[in-house]
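With the working numbering, the residue at position 206 of the sequence shown is 206, and numbering never jumps. Here's the structure, in structure tokens; my notes come after.
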Amino acid sequence: MQIAGAPISWGVCEVPGWGYQMSPDRVLKEMKDMGLEATEFGPQGWLPEEPEARAEAVSKFGLKPVGSFFLAVMHDPNHDPIPAVRKELEAFKVAGGDYLVLAADSGQDGYDNRPVLDEEGWSTLFSNLSRITEVCKEAGVTACIHPHWGTMVQNVDEVEKVLDNSSVGLCLDTGHLTAGGADVVELTKKYADRVDIVHAKDVHKDQTDKLLPGELTWSEGVKQGMFAPIGEGDIDFAAIVEALNKVGFDGYYVLEQDIMLDEEPVADGGPKENALKSFSALKALA
Numbered sequence: 001m002q003i004a005g006a007p008i009s010w011g012v013c014e015v016p017g018w019g020y021q022m023s024p025d026r027v028l029k030e031m032k033d034m035g036l037e038a039t040e041f042g043p044q045g046w047l048p049e050e051p052e053a054r055a056e057a058v059s060k061f062g063l064k065p066v067g068s069f070f071l072a073v074m075h076d077p078n079h080d081p082i083p084a085v086r087k088e089l090e091a092f093k094v095a096g097g098d099y100l101v102l103a104a105d106s107g108q109d110g111y112d113n114r115p116v117l118d119e120e121g122w123s124t125l126f127s128n129l130s131r132i133t134e135v136c137k138e139a140g141v142t143a144c145i146h147p148h149w150g151t152m153v154q155n156v157d158e159v160e161k162v163l164d165n166s167s168v169g170l171c172l173d174t175g176h177l178t179a180g181g182a183d184v185v186e187l188t189k190k191y192a193d194r195v196d197i198v199h200a201k202d203v204h205k206d207q208t209d210k211l212l213p214g215e216l217t218w219s220e221g222v223k224q225g226m227f228a229p230i231g232e233g234d235i236d237f238a239a240i241v242e243a244l245n246k247v248g249f250d251g252y253y254v255l256e257q258d259i260m261l262d263e264e265p266v267a268d269g270g271p272k273e274n275a276l277k278s279f280s281a282l283k284a285l286a
């Protein structure tokens with residue numbers, strides 16, 4: 001089992017105003033110190049955008065780059081996402097990375113609201129998804145769709161629409177899929193052979209169940225501790241790992257626990273403690 005870290009577990013997020021943002025040096029050092037050997041790059045701009053500087057920021061801690069979580073507006077016929085994708089792929093050439101983990105950006109700040117797609121919007125999204133996938137393939141990078149709350153691919157019916165009408169691979173984000181109404185174990189079994197990478201999140205389902213009815217916003221849920229260390233929430237990771245093992249999955253499980261911080265954590269404390277719990281729980285399933 002290949003296990004990687006993600007900066008969101010340290011409260012590092014692309015959303016404006018998303019709490020205190022820890023420095024790359026501290027986050028990446030803590031990943032390495034706890035025994036992780038790989039990491040995603042985190043949100044655009046957290047690590048240097050200049051390729052050589054980004055490579056140095058990660059390599060000095062001996063971590064293998066997995067790739068990027070990448071927001072792309074794909075539904076707007078007046079917006080071309082390809083230039084930004086190509087720029088990110090240039091960084092991949094120097095800094096490394098195998099996966100461009102695509103979320104269908106709503107075009108709005110944050111994840112608490114999103115527009116509703118019409119047929120033109122869906123057609124444009126599918127067209128751009130195909131274009132991005134092809135550009136990535138030419139660069140030797142795998143593009144996969146990341147179902148994500150507050151984006152244009154959020155609810156389980158939207159996830160299945162994308163998977164049933166395209167050949168794009170899936171970033172199996174267990175937390176976001178649960179939030180979007182999926183039975184994540186059954187969805188994993190159905191699409192196991194489409195999974196390129198796993199974002200391993202555990203959740204308290206009594207809270208995620210309040211998202212679709214509008215009883216809770218995403219940011220409110222995160223502030224209230226909607227996410228838990230793996231093994232302390234309601235997601236059956238043993239069943240998920242078993243389903244993926246059956247199809248020979250050998251990609252990364254990326255540890256993620258969405259949190260917000262108010263200030264710099266104390267030395268030898270803070271998010272690293274929960275990340276270690278998740279790391280240990282996932283390794284036990286290997």
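For glycine and all other residues, C-beta sits at the position ideal for the given N, C-alpha and C. Note that this is a predicted model, so its numbers are computed, not measured.
Three-state class that DSSP yields for residue i in the structure shown
i: residue 38; result: strand
i: residue 100; result: strand
i: residue 249; result: coil
i: residue 254; result: strand
i: residue 116; result: coil
i: residue 28; result: helix
i: residue 80; result: coil
i: residue 193; result: helix
i: residue 200; result: strand
i: residue 227; result: strand
i: residue 89; result: helix
i: residue 188; result: helix
i: residue 33; result: helix
i: residue 7; result: helix
i: residue 133; result: helix
i: residue 123; result: helix
i: residue 55; result: helix
i: residue 61; result: coil
i: residue 94; result: helix
i: residue 212; result: coil
Near the ligand PLP: residue i beta-carbon under 7 Å from a heavy atom
i: residue 29; result: Absent from the structure shown: the ligand PLP. Ligands present: none.
Where residue i falls, given that 16 or more other Cβ within 10 Å makes a residue buried
i: residue 137; result: exposed
i: residue 134; result: exposed
i: residue 195; result: buried
i: residue 86; result: exposed
i: residue 167; result: exposed
i: residue 224; result: exposed
i: residue 82; result: exposed
i: residue 20; result: exposed
i: residue 264; result: exposed
i: residue 198; result: buried
i: residue 173; result: buried
i: residue 221; result: buried
i: residue 115; result: exposed
i: residue 258; result: buried
i: residue 143; result: buried
Close-in-space but distant-in-sequence residues of the same chain around residue i (CB under 6 Å, 5 per side omitted)
i: residue 231; result: 281
i: residue 205; result: 234
i: residue 175; result: 201 and 203
i: residue 300; result: No information on residue 300 is available, as it lies outside the stretch 1 to 286 that the chain covers here.
i: residue 261; result: 11, 19 and 20
i: residue 277; result: 229
i: residue 91; result: 51 and 54
Enclosing beta strand (DSSP E) for residue i [first to last residue]
i: residue 65; result: 64-72
i: residue 47; result: Neither: residue 47 is in no beta strand (DSSP E) and is coded neither H nor E.
i: residue 3; result: 2-4
i: residue 173; result: 169-173
Where the alpha helix (DSSP H) containing residue i begins and where it ends
i: residue 282; result: 271-283
i: residue 164; result: 156-164
i: residue 145; result: Note, residue 145: premise wrong, no alpha helix (DSSP H); beta strand (DSSP E) at 142-145.
i: residue 105; result: That residue, residue 105, is in no alpha helix (DSSP H); it is neither H nor E in DSSP.
i: residue 206; result: 205-208
i: residue 220; result: 218-223
Same chain, Cβ closer than 7 Å to residue i, five either side skipped, listed in chain order
i: residue 191; result: 163 and 170
i: residue 57; result: 24, 47 and 48
i: residue 165; result: 126
Interface flag, residue i vs chain B, CB-CB below 8 Å
i: residue 82; result: Annotation note: the requested chain B is absent from the structure, which comprises a single protein chain.
Contact set for residue i: own chain, Cβ-Cβ below 8 Å, skip 5 residues either direction
i: residue 88; result: 44, 68, 70 and 100
Determine, using beta-carbon pairs with one atom in the stretch 74-81 and one in the stretch 19-34, whether at least three such pairs fall under 8 Å.
-> no
Are at least three pairs of beta-carbons, each pair with one atom in the stretch 139-157 and one in the stretch 108-118, less than 8 Å apart?
-> yes
Any 3 or more C-beta pairs closer than 8 Å across the stretch 62-72 and the stretch 83-103 = yes
Three or more C-beta pairs below 8 Å linking the stretch 42-49 and the stretch 9-19 | With the cut-off at 8 Å, the stretch 42-49 and the stretch 9-19 touch.
Touching by the beta-carbon criterion (3+ pairs, under 8 Å), the stretch 171-191 and the stretch 204-224 | yes
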